[in-house]
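Read in the numbering used here, the sequence shown has 78 at position 80, and its numbers run on one by one without any break. C-beta: ideal position from N, C-alpha, C; glycine also.
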Amino acid sequence: MRRRLVVIGNGMAGARAVEEILARGGAGQFTITMFGDEPYGNYNRIMLSHVLSGEESDADIFLNSLSWYQDNGITLHAGVRVDRIDRFTKHVFSNDGRVTPYDTLIIATGSRSHMPPMDGLYTPGGQVKQGVFGFRTIDDTRKMVAYAQHEHHRRAVVIGGGLLGLEAAYGLRSHGIDVDVVHSAGHLMSAQMGPDGGAVLRRSVEALGIGVLTGSRTTAVLGNDRVTGVSLRDGTGIACDMVVVAAGIRPNVELAVLSGLPVERAIVVDDRLRVQDEDDIYAVGECVQHRGEVYGLVAPLWEQAVVLASHVTGTDTSALYLGSRTATKLKVAGVEVASMGLQGPELDTDEHIVFSEPSRGVFKSIVVRDNKMVGATLLGDSRKVAYLTQAYDRGLPLPEERIGLMFDLGTPDGDTGVADLSDDAQVCNCNGVSKKTLVDAVQGGCSSVAGAMDATRAGKGCGSCKLLVRQVVEWAADGVVDEDPAANYYVPAIPLDKAALMAEIRKRGLRSVSAVFQALAPGGEDAKSKMGLASLLKMMLADGYIDERDARFINDRVHANIQRDGTFSVVPQMKGGVTSVQQLRRIADVAEKHKVPLIKLTGGQRIDLLGIRKEDLPQVWADLDMPSGYAYGKSFRTVKTCVGKDFCRYGTGDSTKLGIEIESRFQGIEAPAKLKLAVSGCPRNCAESLVKDVGVVAVEGGRWEIYVGGAAGAHIRKGDLLATVEDPEEVKVLAGRFMQYYRERANWLERTYAFVPRVGIEHLRDVIVADSEGLAAQLDAAMQDSVDSYEDPWIERVDPMTPGQFRTSLPLTVLPQVPVR
């Protein structure tokens, strides 16, 4: 029987430990259960600054999507916190009431933002004041972006001038916010570099329009319910609308303390990453104290995960973690920074080689002792960082000409030589990727830099290693490297993300797909981009959109669903799944008259007529005299309902009536992907409302619960509770508001079950229900425009849009089959 492995923590350290365990055959040894405070898969925290600045979307920074856990047989309890460990009975107790047994336990609870003591940080109710943010999680980042984008928020103060504080300042500046950084030490990044390097960095940061106050400390946050400014130690103040606290991190050790585990600065572990005095409990990451050290960088986490996995799986019981020689290589506020070891000489015999060019933002400092490098700082030029990191880690002998440590003296590949790097030389610190891993990816078939990056995650962190990644890939491929494919734009032909694309469309007054291609597509029209553009334009412009039928997929052109053999299925609309004797009779007559091969009841409570030829569609519709059920497009589909309170003895709400009203209001609206809804008359949930894009459930007291982001197809996900309301009219308002927010911000073909976890249910509650961003009226009006522009597409049976709309140019028997994926 497989042993039970429980992992508390689904961050970078916990997930990496599980990856290493799986790589050592752990799937055959363990049933794996993971708990994570956040309701998501594992993501790269290093990239949060890129999300804040808009360089990346939050969807791009996930390392392990929810499907990864399913594919590897891992039970993930996302959004669930473990409150206590009983190490005697070997059980963990979580805040959802679950009691989970374990044979082996891994604690990876990570760390949290440190909130230094300041007056006025909290409201009288104990909540952090509105406008004050930590910068640690994806939800923190989303809230900061939303707050920064509010038109009345103009100025921010960032407390802390370290790595995270400068990244926060840089990200906020990209949103047009005026930013001041307040740092208590005498120079920026005081933990990573000396005063000379800090002075050069300050000059580069100020050139970005960011104010810097060093040797200063924030003593108070001003304002009653929301931030209006801060007070400094010298008595001066700064007016601001938001405060970001980036004053360091603290290990999350409360669970360990409560459970009786040894804790000093963090959870005490031995060289096997085993918790002191415990045989079956391990710990890894920022919550760990090893030989007196607590690490806040990612590279030590990767090293710890390897040793831990070797012991947990028994593949190498001699493996030991002896500590890490920390080397930081990041891009901070757009400036490349590398730091390792000593930042200046400590002994009289130490050599100190320094090069400074402040006008270019370049500073280099190397400390040499006994002909070995014991420290370095590189600012603004990291071309030598791979060689220097290897020299620092391995204590390599150094050349007599020390200047060669700082500059490339004629080497053809722009570095000391990729060929000279050892196989285990770290290329990407953020994701722990070695030279050998990259080389293996190239030899395994990755023929482009982007392909190698996707396969290994190299370069997917801060991005400072991308030059070295390219050099390694080109060296491994003997210079024969394919061109990288285009970035993930909203549609392939236009190099813009969704927000930028929508902004350009509005700015230029574009109203048709062809006009968008002409104005924004460098390579002209692209068939793969047409459908996404058509849906986007119709959503944005409502009746102002100029419809071009060649931009539609075949289903949308003929308003029926193409099947494998080239025939179509027709799904007459039955709002809420309710029909009548007359409708049933017409459907039966049509099926008999047109010799419909198959009549099928769908999962959405509709009748599907399958096997209808394209040229017969207008006559089928004429005979039916019923509108379309929208079972074919990337649009609002159906609303499934249960019997409701009129007939069901358990019903507490009229689900049928509400379902029909919702379907009548939103029928046919465009969306980035299909939308399926349901309304249940009681918590027994017969209409399966909890696994729909939008689901509504009647509960006691005449109230209605609204769930969003559910799925029950290839992906299974219970929807998140958006709100509980008293009035069915409010259900329709909030459902419409959510769908409009999704329509405006989701990626093309991104279902709500991916969108809701990506955006965060707390953020959605703030925006949709509490109207924290003041968008409610705008969303409601935009949805109303779409509702008002609705036209029954089935009227085209009388007046086709094009002469060949319903004409088949080939005999049916030779129509190619639609491929099955």
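Distance from Ser432 to Ala423 at the Cβ level is roughly 6 Å; contact confirmed, criterion being Cβ atoms closer than 8 Å. For Tyr38, no beta strand (DSSP E) run applies, since DSSP gives it neither H nor E.
Ile59: not part of any alpha helix (DSSP H); DSSP gives it neither H nor E.
Going by DSSP, Val242 is part of no alpha helix (DSSP H) but of the beta strand (DSSP E) stretching over Met240 to Val243. Residues of the same chain with a CB within less than 7 Å of the CB of Leu508, apart from the 5 flanking positions on each side, are Val514 and Ala517 in chain order. For Lys716, the closest alpha carbon among the candidates Gly693, Ala733 and Thr107 is that of Gly693. Look at Lys327 here: in three-state DSSP terms it is strand. Non-local C-beta neighbours of Val296 in its own chain, meaning closer than 7 Å and more than five positions away in sequence, comprise Met10, Ile44, Asn427 and Cys428, ordered along the chain. For Val16, the closest C-alpha among the options Asn40, Arg289 and Ser420 is that of Asn40. For Gln27, there is no enclosing beta strand (DSSP E); the residue is found in the alpha helix (DSSP H) stretching over Gly24 to Gln27. In the three-state reduction of the DSSP assignment, Thr212 falls in the strand class, which pools E and B. As summarised for the segment 570 to 654, the continuous beta strand (DSSP E) elements at least 3 residues long and confined to that stretch are 596 to 599, 605 to 610 and 634 to 639, given in chain order. Collapsing the DSSP output to three states places Leu732 in a helix. Within the segment 660 to 708, the complete beta strand (DSSP E) segments at least 3 residues long are 673 to 678, 692 to 697 and 701 to 706, listed from N- to C-terminus. In the three-state scheme derived from DSSP, where H, G and I count as helix and E and B as strand, Glu54 is classed as coil.
Our two residues, Tyr145 and Gly129, have alpha carbons roughly 8 Å apart in a direct line. Its chain contains Arg270, Leu271, Ala317, Leu318 and Tyr319 as the residues whose beta carbon lies nearer than 7 Å to that of Val305, once the 5 sequence neighbours on both sides are disregarded; these appear in chain order. Across the structure, Ile544 and Gln571 are spaced so that their CA atoms are roughly 26 Å apart. Ranked by how close their Cα comes to the Cα of Asp476, the residues Asp495, Lys464, Arg455 and Val447 have Val447 in first place. Here Val365 is near His350, since their CB atoms are less than 8 Å apart. Between the segment 287 to 295 and the segment 342 to 358 there are fewer than three C-beta pairs closer than 8 Å, too few to call the two in contact.
Going by C-alpha positions, Glu727 is about 25 Å away from Phe753. In this structure Val90 touches Ile6 by the C-beta definition: roughly 7 Å separates them, less than 8 Å. The Cβ-Cβ distance between Ala733 and Ile759 does not fall below 8 Å. When Val689, Ile667, His181 and Gly651 are compared, the shortest CA-CA separation from Cys680 is found for Gly651. Assignment of beta-bridge partners to Pro249 by DSSP yields Ser109.
In the structure shown, Lys362 falls within a strand segment according to DSSP collapsed to helix, strand and coil.
In chain order, Ala540 and Asp541 place their CB closer than 7 Å to the CB of Ser787, counting only its own chain and leaving out the 5 sequence neighbours on each side. Spatial neighbours of Asp94 in its own chain (CB-CB distance under 8 Å, excluding positions within 5 residues in sequence) are listed in chain order as His75 and Val78.
Taken in chain order, the complete beta strand (DSSP E) segments of 3 residues or longer contained in the segment 138 to 200 are 153 to 157 and 176 to 181. Boundaries of the alpha helix (DSSP H) harbouring Asp778: Ala774 to Asp786, taken from the DSSP string. According to the DSSP assignment, Met371 belongs to the beta strand (DSSP E) that extends over Lys370 to Leu377. Counting along the chain, the unbroken alpha helix (DSSP H) around Gln516 starts and ends at Val511 to Leu518.
Secondary structure at Ser446: strand, using DSSP grouped into helix, strand and coil. The same chain holds no residue with a CB closer than 8 Å to that of Ser357 once the five nearest residues on each side in sequence are set aside. Residues of the same chain with a CB within less than 6 Å of the CB of Gly209, apart from the 5 flanking positions on each side, are Asp178 in chain order.
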